[in-house]
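Visitor:
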Amino acid sequence: MPELPEVQTVLDGVVSSLGSLRLTGLYDLYPGTVKGANIEEAFPARLKNARRRGKYIIMELENGYALIIHLRMTGKLVWDKDEGEAHRHERAYFTVEKGNRLRFIDPRTFGKITLCPLDEVENHLPALGAEPLEAEFDAAYLQERLQNRRIPIKTALMDQGIVAGIGNIYACEILYRAGINPDAISNEIKLAHLKRIVAETKAVLAEALLHNGTSVSDFRQVDDKQGGFQEFLRVYQKESCPQGHPVKRSKHGGRSTFHCPICQTKGRVNPAK
DNA sequence: CAATGATCCTGTCCGC
DNA sequence: TGCGGACAGGATCATT
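If you want this note's numbering, it's the position in the first sequence, counting the first as 1, plus 6.
(1) Per DSSP, what kind of secondary structure is Gly173 in: helix, strand or coil?
(2) Just how far apart, CA to CA, sit Leu53 and Leu17?
(3) Using C-beta distances below 6 Å, list every residue in its chain close to Gly167, excluding the 5 sequence neighbours before and after it, in chain order.
(4) Tell me whether Thr4 sits in a helix, a strand or coil according to DSSP, three-state version.
(5) What whole-angstrom Cβ distance do Met7 and Ile159 have, given they're in contact under 8 Å?
(6) With distances taken between CB atoms, is the gap from Thr15 to Gly219 smaller than 7 Å?
(7) For Lys87, does the count of other Cβ atoms within 10 angstroms reach 16, so buried, or fall short, so exposed?
(8) Spatial neighbours of Lys82 within its chain, please: CB distance less than 6 Å, with the 5 preceding and 5 following residues excluded, ordered by chain position.
(9) Across which residues does DSSP place Ile63 in a beta bridge pair?
(10) Using the Cα positions of Gly234 and His217, report the straight-line distance between them to the nearest angstrom.
(11) Going by CA-CA distance only, name the one from Ile191, Glu213, Arg94 that's closest to Leu35.
(12) Go to Thr15, then tell me how far its beta strand (DSSP E) extends in each direction, as first and last residue.
(13) How do the region 56–69 and the region 197–215 stand: do at least 3 beta-carbon pairs fall below 8 Å, yes or no?
(14) Would His258 and Thr161 qualify as a contact pair, given that the criterion is a beta-carbon distance under 7 Å?
(15) On the CB-based measure, 16 or more other CB atoms within 10 Å of its CB, does Gly25 come out buried or exposed?
(16) Alpha carbons only, please: which of Tyr99, Ser262, Asp125 is nearest the one belonging to Leu32?
(17) Would you mind stating whether Ala145 and Lys201 have Cβ atoms separated by less than 7 Å?
(18) Report buried or exposed for Glu245, applying the criterion of at least 16 other Cβ atoms within 10 angstroms of its Cβ.
(19) Would DSSP call Gly260 helix, strand or coil?
(20) Report the rounded CA-to-CA distance for Arg107 versus Ser22, giving the unit in angstroms.
(21) Considering only the beta carbon of each residue, do Asn187 and Arg155 sit closer than 7 Å?
(22) So the candidates are Thr115, Arg109, Leu77, Tyr71; which of them puts its Cα closest to the Cα of Leu121?
(23) Using three-state DSSP, classify Phe1 as helix, strand or coil.
See below:
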């Protein structure tokens with residue numbers, strides 16, 4: 007499940023593969039994957055700048071257009087030769103100069119590629135919260151955004167409008183490292199504990215970035231290599247935590263939560279229950 | 001406005 | 001060997 011580190015890894019891979027080569031076309035293989043009018047007008051074009059906002063990849067083209075790519079759960083971008091059969095789950099592809107092709111492969115078909123004018127990118131993005139690795143994401147920010155909310159902290163960390171880029175895996179790992187109970191109510195958590203959450207968020211994401219993301223199911227880099235952070239997971243899909251305690255499994259918003267009831271006790275005003 | 005739950009989709013896994 | 005059902009989950013929409 008691509009979250010911030012995986013999305014950044016894919017983005018870096020695309021930029022590195024593409025270099026100064028021009029994108030020459032974009033083709034939809036599964037109707038609805040590619041959105042936006044005037045697809046032909048946008049190509050050919052070189053990349054002017056590529057950036058990430060939350061889990062969105064934004065590729066700014068030199069001709070005034072931009073591509074917004076979201077991988078959702080199973081989306082992959084794969085660098086390949088411009089020949090051969092389409093992959094079984096290929097939903098769209100870019101043709102690229104010098105006989106190259108960038109394939110968008112997505113078994114569950116939830117991923118999207120949107121083409122729009124550069125100055126309309128923000129209109130096509132939802133209201134996103136702070137970037138967790140930027141200085142703007144600190145305990146004061148988090149406290150302000152949580153003060154009127156009464157939701158489990160794990161749900162809050164996965165809310166893209168509060169902080170952008172964290173999904174299920176990193177939410178579990180952040181809370182384990184911070185020692186916070188995932189059911190802690192967002193506006194009851196002490197500032198000191200919010201500071202721990204912020205610090206561990208930055209640490210976990212930075213560490214995962216160094217390892218090119220986490221490959222727990224089918225995440226792959228643009229060159230098809232796996233990420234490496236799955237080696238460092240402490241509770242996600244684990245039977246026991248690094249202390250040897252059994253890991254408990256529950257649900258938040260339909261997502262599986264993994265936490266250690268012994269290590270993660272902070273944040274509950276009333277720890278009973 | 002806030003919180004919760006259903007929905008989209010398909011490969012994989014489990015039990016019988 | 002095959003089948004039904006549960007599960008995986010990011011974002012969006014509907015409901016309370």
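Backbone N, C-alpha and C fix where the C-beta goes; we use that ideal spot for every residue, glycine too.
Guide: Walking through what the data contain:
(1) Taken through DSSP and simplified to helix, strand or coil, Gly173 comes out as coil.
(2) In this structure, the alpha-carbon of Leu53 lies about 12 Å from that of Leu17.
(3) Within the same chain, Gly167 has close Cβ partners Ala133, Gly135.
(4) Residue 4 is absent from the structure shown; the chain starts at 7 and stops at 279.
(5) Not really, about 20 Å apart at Cβ, beyond 8 Å.
(6) Yes. Within cutoff.
(7) Lys87 should be labelled exposed.
(8) Only Ile111, Arg226 meet the Cβ criterion.
(9) Answer is Arg58, Ile75.
(10) Taking the straight line from one Cα to the other gives about 5 Å.
(11) Taking only the C-alpha atoms, the option nearest Leu35 is Arg94.
(12) DSSP places Thr15 outside any beta strand (DSSP E); the residue lies instead in the alpha helix (DSSP H), whose first and last residues are 10–24.
(13) The answer is no - the region 197–215 does not touch the region 56–69, with fewer than three Cβ pairs under 8 Å.
(14) Cβ atoms of His258 and Thr161: closer than 7 Å.
(15) Label assigned to Gly25: exposed.
(16) Considering only alpha carbons, the answer is Tyr99.
(17) Cβ distance < 7 Å, so Ala145 and Lys201 count as in contact.
(18) Flag for Glu245 reads exposed.
(19) When DSSP states are grouped into helix, strand and coil, Gly260 belongs to the coil group.
(20) In this structure, the alpha-carbon of Arg107 lies about 14 Å from that of Ser22.
(21) The beta carbons of Asn187 and Arg155 sit no closer together than 7 Å.
(22) The shortest C-alpha to C-alpha distance from Leu121 to any of Thr115, Arg109, Leu77, Tyr71 is the one to Tyr71.
(23) The chain is shown only over 7 to 279; residue 1 falls outside these bounds and no answer can be derived.
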